[in-house]
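K.L.:
I'd like to ask some things about the structure below.
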Amino acid sequence: MAFRIEPALYADMDTWCDIYIEAAASHPLSTLLYNDLSHEEKRKFEFGGPKEVFLKCPWIKYHKMVEVETGKIVAWSRWHFPRALNDEERREKRDPDYFPEIPKRANTALFQEWFDKLAEVESKYSDREMAFVRHAPYGSQFINYLSVLPAYQRLGLGRRLLDIGLDEGDKLGASAFLVATEMGAGLYRKAGFREIESFSIDLRPWGGEGETVWRSMRREQARRPSE
Numbered sequence: 001m002a003f004r005i006e007p008a009l010y011a012d013m014d015t016w017c018d019i020y021i022e023a024a025a026s027h028p029l030s031t032l033l034y035n036d037l038s039h040e041e042k043r044k045f046e047f048g049g050p051k052e053v054f055l056k057c058p059w060i061k062y063h064k065m066v067e068v069e070t071g072k073i074v075a076w077s078r079w080h081f082p083r084a085l086n087d088e089e090r091r092e093k094r095d096p097d098y099f100p101e102i103p104k105r106a107n108t109a110l111f112q113e114w115f116d117k118l119a120e121v122e123s124k125y126s127d128r129e130m131a132f133v134r135h136a137p138y139g140s141q142f143i144n145y146l147s148v149l150p151a152y153q154r155l156g157l158g159r160r161l162l163d164i165g166l167d168e169g170d171k172l173g174a175s176a177f178l179v180a181t182e183m184g185a186g187l188y189r190k191a192g193f194r195e196i197e198s199f200s201i202d203l204r205p206w207g208g209e210g211e212t213v214w215r216s217m218r219r220e221q222a223r224r225p226s227e
C-alpha cells in the first residue's frame with residue numbers, strides 16, 4: 001500500500017471526524033463520555049469547534065493521509081504553530097476552540113473534568129507566541145489531533161504526520177508539546193518526546209474500571225537560540 005500526505009480541505013472534515021470517533025472508540029473513556037449519543041450527535045459536537053478553527057485560525061494546520069490506490073483518507077493531524085500575538089490574544093492562555101456546549105445527554109460532568117484537565121496542562125506548557133531571543137526564534141508548537149483508522153495503524157502513518165510538524169518546528173527553532181494517551185505515548189517517545197507531567201481520571205464512579213492516564217510530553221527544539 002502507498003500513501004501520500006496532502007493539505008486537508010474543509011470539505012474533508014466530516015471524514016476526519018469519523019476517523020477520530022472510530023480511532024477513539026477503543027479508549028475506555030469514550031463510551032462513558034457519550035452515553036447513547038448518535039453518531040451524528042457526536043460528530044456535531046466533536047467537530048463543531050474544529051470547523052470554526054479551520055476557518056478562523058490560519059496558523060493551525062491540518063494534514064491528511066490518503067491511500068493512493070483508493071483516494072481514501074485514512075489519517076489526519078492538526079498542528080498549532082507559534083506566531084506573533086496581539087494584546088488580546090496574549091491575555092488568553094489558549095487558542096479559541098469554539099466548541100459548542102456539551103450535549104445534555106452526554107456525561108457532562110465527566111466531559112468537564114476531562115476538558116478542564118486538558119486545558120490546565122495546555123495552558124501550562126504550550127507557548128503559543130513566537131518570540132525572538134537575540135534574533136533567533138523561540139516558541140512552541142502543539143499537536144492537538146493525530147488520528148489513524150484502526151485498520152491502518154502500525155503502518156508508520158502516524159509518525160509521518162507527526163514529522164510534518166516536527167520538521168517545521170526544527171526550522172523555526174520551536175519545541176513541541178502534546179498530551180498523549182497511554183496507547184500513543186510510545187510513538188511520541190520514539191520521536192524524541194519526554195514526559196513532563198501526567199494526569200488521570202477515575203472511571204469507577206461512571207461504571208468504568210480503574211483510572212485512565214494522559215501524559216503531557218515535550219520535545220525540545222532541535223536548534224536553540226544563540227546565547
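Taken in order, the sequence shown gives residues 1 to 227; the numbers are from full-length UniProt numbering.
Beta carbons are placed, not taken as given, at the ideal position from N, Cα and C, and that holds for glycine.
Look at the alpha carbon of THR70 and the alpha carbon of TYR152, and state the distance between them as a whole number of angstroms.
P.N.:
Computed Cα separation, rounded: 14 Å.
K.L.:
Nearest-angstrom Cα distance between GLU101 and ALA109?
P.N.:
Spanning the two alpha carbons is a distance of roughly 12 Å.
K.L.:
Could you tell me which residues DSSP puts in a beta bridge with ASP202?
P.N.:
GLU211.
K.L.:
Hey, which unbroken runs of the beta strand (DSSP E) at 3 residues or more fall wholly within the stretch 9 to 80?
P.N.:
60 to 67, 73 to 80, all fully within the stretch 9 to 80.
K.L.:
Hey, is SER216 close to the ligand SAH, as in C-beta under 6 Å from one of its heavy atoms?
P.N.:
Within the structure as shown, the ligand SAH is missing, as the structure has no ligands at all.
K.L.:
Pull up the distance between the alpha-carbon of ARG154 and that of GLY207, whole angstroms please.
P.N.:
Spanning the two alpha carbons is a distance of roughly 31 Å.
K.L.:
Could you tell me the distance, in whole angstroms, from the CA atom of GLU211 to the CA atom of ILE201?
P.N.:
For GLU211 and ILE201, the distance between alpha carbons rounds to 5 Å.
K.L.:
Please classify ARG4 as buried or exposed, where buried requires at least 16 other C-beta atoms within 10 Å of its C-beta.
P.N.:
Classification for ARG4: exposed.
K.L.:
Check this for me: beta carbons of ARG219 and ALA176, under 7 Å apart or not?
P.N.:
The answer is yes: Cβ separation under 7 Å.
K.L.:
In the DSSP output, what is ARG218 paired with across the bridge?
P.N.:
DSSP output for ARG218 lists PHE177, ARG194 as bridge partner(s).
K.L.:
Counting along the chain, where does the alpha helix (DSSP H) carrying ARG160 start and finish?
P.N.:
First-last of the alpha helix (DSSP H) with ARG160: 157 to 172.
K.L.:
Under 7 Å, Cβ to Cβ, is there at least one residue of chain D near ARG83?
P.N.:
Among the protein chains of the structure shown there is no chain D, as only one such chain exists.
K.L.:
Distance, Cα to Cα, LEU203 vs LEU29?
P.N.:
Cα to Cα, LEU203 sits roughly 7 Å from LEU29.
K.L.:
Report the partner residues of GLU6 according to the DSSP bridge assignment.
P.N.:
DSSP lists LYS64 as partners of GLU6.
K.L.:
Between the alpha carbons of THR31 and PRO103, how many angstroms are there, rounded?
P.N.:
Spanning the two alpha carbons is a distance of roughly 14 Å.
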